[in-house]
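First comes the structure, then the notes that go with it.
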Amino acid sequence: FPGLADVSISQDIPVEGEITVPVGSRSPDEDYSTLDEPVRDTIMRDLKAVGKKFVHVMYPRKSSALLRDWDLWGPLVLCVSLALMLQGGSADSKDDGGPQFAEVFVIIWFGAVVITLNSKLLGGTISFFQSLCVLGYCVLPLTVAMLVCRLVLLAGAGTISFIVRLVVVLAMFGWSTLASTAFLADSQPPNRKALVVYPIFLFYFVISWMILTFTPQ
Amino acid sequence: FAEFDDAANLLAANPDATTISIDEPVEIPKNQHSRLQEPGREEDDELLGTDDSDKTELLAGQKKSAPFWTFEYYQTFFDVDTYQVLDRIKGSVFPVPGKNFVRLYIRSNPDLYGPFWICATLVFTIAISGNLSNFFIHLGKPTYHYVPEFRKVSIAATTIYAYAWLVPLALWGFLMWRNSKVMNIVSYSFLEIVCVYGYSLFIYIPTAILWIIPQKLVRWVLVTFSLCLSGSVLVMTFWPAVRDDNRRIALATVGTIVLLHALLAVGCLAYFFDAPELDFPAPIIPAHNATTVITKSH
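The listed protein sequences derive, respectively, from chains A and B.
Residue numbers for the first sequence follow this note's numbering, so the first one is 1 and each next one is one higher.
Residue numbers for the second sequence follow this note's numbering, so the first one is 218 and each next one is one higher.
Printed below as a string of structure tokens:
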């Protein structure tokens with residue numbers, strides 16, 4: 001075959017054509033196509049998934065739903081609402097006030113990324129986005145605490161309100177840390193569990209501090 | 218000759234196998250070493266670690282063999298267990314005279330976990346303690362309105378991370394430069410210096426918490442005490458690296474290390490914590506006496 005020695009395909013020429021596989025009249029893909037469903041179904045499905053995860057955080061059990069079907073909608077909603085509620089505190093021009101929206105946002109997301117990287121570098125077997133998902137969802141108790149603090153501050157800013165806020169924030173801080181540890185601890189190597197749990201503790205401690213020191217103008 | 222190839226491959230494979238249990242082989246020679254030597258020379262060898270330094274350097278070279286663009290390369294810097302981190306922290310707080318922190322605890326397994334998280338904890342501890350201390354100092358004043366002072370967190374973070382990374386970089390560069398001129402027996406890698414500096418900052422965490430107490434004397438006693446402890450760890454680590462050098466340069470290097478450490482502590486104390494004695498309502502009392510004197514003189 002002397003002519004074939006000269007055959008070569010230049011990379012400029014695109015190879016195109018059509019490959020069709022004759023299938024039966026009902027391919028399995030058609031049942032899972034979500035293009036034709038009403039918009040309400042699409043939104044409700046995602047909302048139900050987020051809601052189910054919220055319930056899992058508030059009553060932490062050994063379930064893998066949080067880990068398997070991760071999504072970042074819940075963390076985003078929680079982070080934005082927490083950052084919005086932390087606004088309006090001591091907005092002096094002296095720059096001595098509380099954290100701004102961008103600062104809260106950056107602390108939560110950058111902190112979650114750093115903790116995830118830390119656990120992966122120490123040999124954890126959890127994937128990057130699964131860990132971000134868990135850490136973000138476990139901010140829920142602290143968001144509830146922020147809501148309660150703002151309501152208590154509407155009633156007054158004295159010593160009693162401070163004690164109430166302190167107790168609520170401490171309880172929610174403990175709940176957040178325990179919930180996230182319950183989800184994340186299994187995927188870590190056994191002799192490094194404390195090394196992984198400590199940054200999570202520090203992360204929620206800083207968020208709790210920001211919530212506790214919120215003083216309205 | 219295929220058998221020779223197989224044997225060579227097996228031999229080449231074996232050194233990799235021995236590096237897995239890196240802690241045990243290094244521990245045993247050290248114990249035998251200290252039993253065989255006379256007590257007089259023990260200090261030198263413990264400081265220099267000449268016998269196992271060669272072995273540990275070789276083993277270190279074989280351990281970190283992943284290329285730097287893979288994730289596994291960075292995992293080698295986090296290859297520590299909980300008890301190892303706790304041991305290193307203990308070693309930085311209680312300096313044993315004559316023992317070198319790097320040779321004793323780090324042993325060619327420098328980690329970045331300790332320095333990074335100790336610095337992060339220190340940043341938030343200083344910011345929060347400063348805030349609490351100012352709150353307690355100004356508590357009774359009627360014109361005082363509590364502010365969370367969140368800007369200071371970013372200032373603290375910049376200062377402490379700059380200290381923990383730039384000073385080791387400068388020190389490492391300086392030691393490399395001196396090594397090219399004077400043959401030093403002991404030389405440290407950049408990560409080992411970062412490790413020593415990171416762990417030596419640990420003592421400032423409880424110190425910062427105790428700085429909430431609004432007494433000037435207590436604060437200065439705490440500064441001196443923690444500076445002595447962590448400064449001595451640094452001095453004992455870096456003295457063997459410079460003592461073969463020109464006497465004045467060695468003393469200047471060690472002096473600069475201690476001076477920078479002291480500057481960090483004193484600077485943090487001065488910037489984040491208000492002075493406690495500005496609050497006494499002293500002027501009121503003499504005015505009261507003066508008015509009573511005037512009324513009496515009438």
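Where a beta carbon is used, it is the ideal one built from N, C-alpha and C, also for glycine.
As the structure is a computational prediction, the values presented were derived from the model and not from experiment.
To the nearest angstrom, how far is the alpha carbon of residue i from that of residue j?
| i | j | result |
| --- | --- | --- |
| Phe187 (chain B) | Ala374 (chain B) | Residue 187 (chain B) is absent from the structure shown; chain B starts at 218 and stops at 515. |
| Gln432 (chain B) | Leu82 (chain A) | 37 Å |
| Thr421 (chain B) | Thr473 (chain B) | Looking at the sequence provided, one finds Tyr at residue 421 (chain B) rather than Thr. Taking the straight line joining both Cα atoms gives about 19 Å. |
| Tyr204 (chain A) | Ala469 (chain B) | 43 Å |
| Cys79 (chain A) | Gly347 (chain B) | 27 Å |
| Pro327 (chain B) | Trp456 (chain B) | 19 Å |
| Met172 (chain A) | Ser33 (chain A) | 41 Å |
| Leu339 (chain B) | Ala381 (chain B) | 11 Å |
| Thr215 (chain A) | Gly98 (chain A) | 8 Å |
| Tyr153 (chain A) | Thr143 (chain A) | The sequence given here places Leu at residue 153 (chain A); Tyr does not occur at that position. Distance between the alpha carbons of Leu153 (chain A) and Thr143 (chain A): 15 Å. |
| Val459 (chain B) | Leu451 (chain B) | 13 Å |
| Thr376 (chain B) | Val39 (chain A) | 51 Å |
| Val197 (chain A) | Phe333 (chain B) | 15 Å |
| Leu86 (chain A) | Ala337 (chain B) | 23 Å |
| Val139 (chain A) | Lys316 (chain B) | 45 Å |
| Phe110 (chain A) | Tyr322 (chain B) | 31 Å |
| Arg368 (chain B) | Ile402 (chain B) | 46 Å |
| Asp262 (chain B) | Val297 (chain B) | Annotation note: pLDDT 42 at Asp262 (chain B) (below 50); position unreliable, coordinate value reported separately. Cα to Cα, Asp262 (chain B) sits roughly 25 Å from Val297 (chain B). |
| Arg305 (chain B) | Gly158 (chain A) | 45 Å |
| Ala379 (chain B) | Lys52 (chain A) | 44 Å |
| Ile466 (chain B) | Gly390 (chain B) | 15 Å |
| Pro199 (chain A) | Phe341 (chain B) | 12 Å |
| Leu212 (chain A) | Leu151 (chain A) | 13 Å |
With 7 Å as the threshold, decide whether the Cβ of residue i is near any Cβ in chain D.
| i | result |
| --- | --- |
| Gly98 (chain A) | In the structure shown, chain D does not exist; the protein chains are A and B. |
Residue i CB to nearest chain A CB: under 7 Å?
| i | result |
| --- | --- |
| Phe367 (chain B) | yes |
| Tyr421 (chain B) | no |
| Tyr522 (chain B) | No statement about residue 522 (chain B) is possible, as the shown extent of chain B runs from 218 to 515 and does not include it. |
| Phe341 (chain B) | yes |
| Ile237 (chain B) | Unreliable positioning characterises Ile237 (chain B) in this predicted model, as indicated by a pLDDT of 47, which lies under 50. A coordinate reading is not provided. |
Over the uninterrupted alpha helix (DSSP H) stretch that includes residue i, give me the two end residues.
| i | result |
| --- | --- |
| Leu396 (chain B) | For the record, residue 396 (chain B) in the displayed sequence is Asn; it is not Leu. Per DSSP, Asn396 (chain B) belongs to the alpha helix (DSSP H) from 368-398. |
| Gly98 (chain A) | Taken as a continuous stretch (DSSP letters only), Gly98 (chain A) belongs to no alpha helix (DSSP H), as it is neither H nor E. |
| Asn351 (chain B) | 330-354 |
| Pro423 (chain B) | 421-427 |
| Arg436 (chain B) | 433-459 |
| Arg324 (chain B) | Where Arg324 (chain B) is concerned, there is no enclosing alpha helix (DSSP H), given that its DSSP letter is neither H nor E. |
| Tyr300 (chain B) | 299-310 |
| Gly357 (chain B) | Taken as a continuous stretch (DSSP letters only), Gly357 (chain B) belongs to no alpha helix (DSSP H), as it is neither H nor E. |
| Glu37 (chain A) | Segment: none, Glu37 (chain A) is in no alpha helix (DSSP H) and carries neither H nor E. |
| Tyr290 (chain B) | 288-292 |
| Cys79 (chain A) | 73-85 |
| Leu166 (chain A) | 159-184 |
For residue i versus residue j, is the C-beta distance shorter than 7 Å?
| i | j | result |
| --- | --- | --- |
| Tyr330 (chain B) | Phe295 (chain B) | yes |
| Phe285 (chain B) | Val413 (chain B) | no |
| Val167 (chain A) | Val148 (chain A) | no |
| Phe162 (chain A) | Thr177 (chain A) | no |
| Trp437 (chain B) | Phe490 (chain B) | no |
| Arg395 (chain B) | Asp461 (chain B) | no |
| Leu117 (chain A) | Leu195 (chain A) | no |
| Gly136 (chain A) | Ser187 (chain A) | no |
| Val310 (chain B) | Ala344 (chain B) | no |
| Val440 (chain B) | Ala492 (chain B) | no |
Can you check whether the C-beta of residue i is within less than 7 Å of a C-beta belonging to chain B?
| i | result |
| --- | --- |
| Thr177 (chain A) | no |
| Ala102 (chain A) | no |
| Pro215 (chain A) | Looking at the sequence provided, one finds Thr at residue 215 (chain A) rather than Pro. For Thr215 (chain A), the answer is yes, since a Cβ of chain B falls inside 7 Å of its Cβ. |
| Ala185 (chain A) | no |
| Glu16 (chain A) | no |
| Leu122 (chain A) | yes |
> Closer than 7 Å, Cβ to any Cβ of chain A: which residues of the region 291-322 of chain B, in chain order?
Replying inline: Tyr291, Gln292, Phe295, Asp298, Thr299, Val302
>> Closer than 7 Å between beta carbons: that is the criterion. Which residues of the region 135-157 of chain A meet it against chain B?
In response: none
> Going along the region 345-358 of chain B in order, which residues come within less than 8 Å of chain A, judged by CB to CB distance?
Replying inline: Ile345, Asn348
> What residues in the region 188-213 of chain A bring their beta carbon closer than 9 Å to a beta carbon of chain B?
Replying inline: Pro189, Asn191, Arg192, Lys193, Ala194, Leu195, Tyr198, Pro199, Leu202, Phe205, Val206, Trp209, Met210, Thr213
> Between the region 325-337 of chain B and chain A, which residues of the former have CB atoms less than 9 Å from a CB of the latter, in chain order?
Replying inline: Leu329, Tyr330, Phe333, Trp334, Ala337
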